[in-house]
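K.L.:
There's a structure below that I have some questions on.
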């Protein structure tokens, strides 16, 4: 098989970083979600995202050499390519969390659909597999969206997070997000820099692995 | 609002009570039911029923006023009768 182009590997890695970091942020709700059923459901979605991250990291590692875990946990904070959108710590603000969840799943549906058409057969296959699980995530996001729509806090959170959400997608995919989200185009918060809380998140996320470097767990 | 969830493990099998959950409406109830009883391929079908729709019968015990032991099979040794029948038929 011909090696996938570096830009494609970079895109997969950025996607993996998004899923890993969002999975982490969402998992901060475990145990403190607004009610028990939602706690279980949202924790499961967080694990779903981390599962997707794992598959994407392994794909990127396969193209680059090395292992998925090394890509996920052994890089310096500056090497992560995740969008600032997924890094924001929103725990304790359920309205903002649901707003991000809905915006992210909407953006993700565009990204996954594009990857399903990828020339890189393994990526296309993985995207199709992810889409089946994402359908559940989207349903969950949509029911919450409908429940909170019109709520002042929720609408304010959507407006505040909107420029961040646009930054998740490649430029040519943003028009579609504008359509699906029903919002006006704005200047996106692009990938490439990290929010203030990211260093602390990275520290926590890699803590156990760094405690015994090179160990087989 | 409380919802009762019934699950079917395999096609053709009876639905059994899986548990109950709290959800503000049917849509949420469905999503949570799928989350709790459908994500590990442990069910092929699910029913969600608002608890209010379930009628609990207050006194389910139907008293046996007369002695009708003969209606029960537990005093009757089927094993022995069966053995005798088999011996007669030569199929033992």
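Chains as they are written, first to last, in my numbering: chain F, 14 to 230; chain C, 671 to 762.
Glycine included, each C-beta is placed from N, C-alpha and C at the ideal position.
Note that the structure is predicted; figures quoted are calculated from it, not measured.
Judging by CA-CA distance, which residue of F:87, F:116, F:168, F:159 is the nearest neighbour of residue 225 (chain F)?
P.N.:
For residue 225 (chain F), the nearest C-alpha among the options comes from F:87.
K.L.:
Under 7 Å between beta-carbons, which chain F residues line up against residue 698 (chain C)? List them in chain order, please.
P.N.:
Per Cβ cutoff of 7 Å: 156.
K.L.:
Along chain C, which residues have their Cβ under 8 Å away from the Cβ of residue 53 (chain F)?
P.N.:
Those are 702, 705, 706, listed as they occur along chain C.
K.L.:
For residue 692 (chain C), which residues in chain F fall below 9 Å Cβ to Cβ?
P.N.:
48, 49, 50, listed in chain order.
K.L.:
Work out the CA separation of residue 222 (chain F) and residue 228 (chain F) for me, nearest whole Å.
P.N.:
Distance between the alpha carbons of residue 228 (chain F) and residue 222 (chain F): 8 Å.
K.L.:
Would you mind reading off the limits of the beta strand (DSSP E) that contains residue 687 (chain C)?
P.N.:
Run containing residue 687 (chain C): 686-692, per the beta strand (DSSP E) assignment.
K.L.:
Do residue 70 (chain F) and residue 27 (chain F) come within 7 Å of each other at the CB atom, strictly closer than that value?
P.N.:
For residue 27 (chain F) and residue 70 (chain F), no; Cβs fall outside 7 Å.
K.L.:
Going straight from the alpha carbon of residue 211 (chain F) to that of residue 157 (chain F), what length do you get?
P.N.:
Approximately 27 Å, taken between the alpha carbons.
K.L.:
What is the DSSP secondary structure of residue 704 (chain C), reduced to helix, strand or coil?
P.N.:
In this structure, residue 704 (chain C) counts as helix in the three-state DSSP scheme.
K.L.:
Is it buried or exposed for residue 48 (chain F), if we count other Cβ within 10 angstroms and need 16 for buried?
P.N.:
Exposed, because fewer than 16 other Cβ atoms sit within 10 Å of the Cβ of residue 48 (chain F).
K.L.:
With 16 as the cutoff for other CB atoms within 10 Å, does residue 648 (chain C) come out buried or exposed?
P.N.:
Lying before the first or after the last residue shown, residue 648 (chain C) is absent from chain C, which here runs from 671 to 762.
K.L.:
Which class does residue 211 (chain F) belong to by DSSP, given the choice of helix, strand or coil?
P.N.:
Helix at residue 211 (chain F).
K.L.:
Look at the alpha carbon of residue 16 (chain F) and the alpha carbon of residue 220 (chain F), and state the distance between them as a whole number of angstroms.
P.N.:
Going from the Cα of residue 16 (chain F) to the Cα of residue 220 (chain F) covers about 33 Å.
K.L.:
Using only alpha-carbon positions, find the residue among F:109, F:51, F:58, F:89 that is nearest to residue 245 (chain F).
P.N.:
Residue 245 (chain F) is absent from the model: chain F starts at 14 and stops at 230.
K.L.:
Let's test the definition: count the other Cβ atoms within 10 Å of the Cβ of residue 736 (chain C) and tell me whether it reaches 16, buried, or not, exposed.
P.N.:
It counts as exposed.
K.L.:
Quick one: what does DSSP say residue 145 (chain F) is sitting in, helix, strand or coil?
P.N.:
Residue 145 (chain F) falls in the helix class under three-state DSSP.
K.L.:
Could you give the DSSP three-state label for residue 675 (chain C): helix, strand or coil?
P.N.:
In the structure shown, residue 675 (chain C) sits in a strand (DSSP, three-state: E or B).
K.L.:
Suppose you measure from the CA of residue 51 (chain F) to the CA of residue 94 (chain F); what does that come to, to the nearest Å?
P.N.:
When rounded, the distance between both Cα atoms is 30 Å.
K.L.:
With a threshold of 7 Å between beta-carbons, can residue 114 (chain F) be considered close to chain C, or not?
P.N.:
It does not: the Cβ of residue 114 (chain F) has no partner Cβ on chain C nearer than 7 Å.
K.L.:
Hey, how far is the Cα of residue 45 (chain F) from the Cα of residue 39 (chain F)?
P.N.:
Their backbone Cα atoms lie some 11 Å apart in a straight line.
K.L.:
Any beta carbon of chain C sitting closer than 7 Å to that of residue 224 (chain F)?
P.N.:
With 7 Å as the cut-off, residue 224 (chain F) does not count as an interface residue toward chain C.
K.L.:
Helix, strand or coil, according to DSSP, for residue 182 (chain F) in the structure here?
P.N.:
Note: residue 182 (chain F) maps to coil in three-state DSSP.
K.L.:
In the DSSP assignment, what are the bridge partners of residue 717 (chain C)?
P.N.:
Bridge partners of residue 717 (chain C): C:676.
K.L.:
So is residue 153 (chain F) in contact with chain C if we call contact Cβ pairs under 7 Å?
P.N.:
Residue 153 (chain F) counts as touching chain C.
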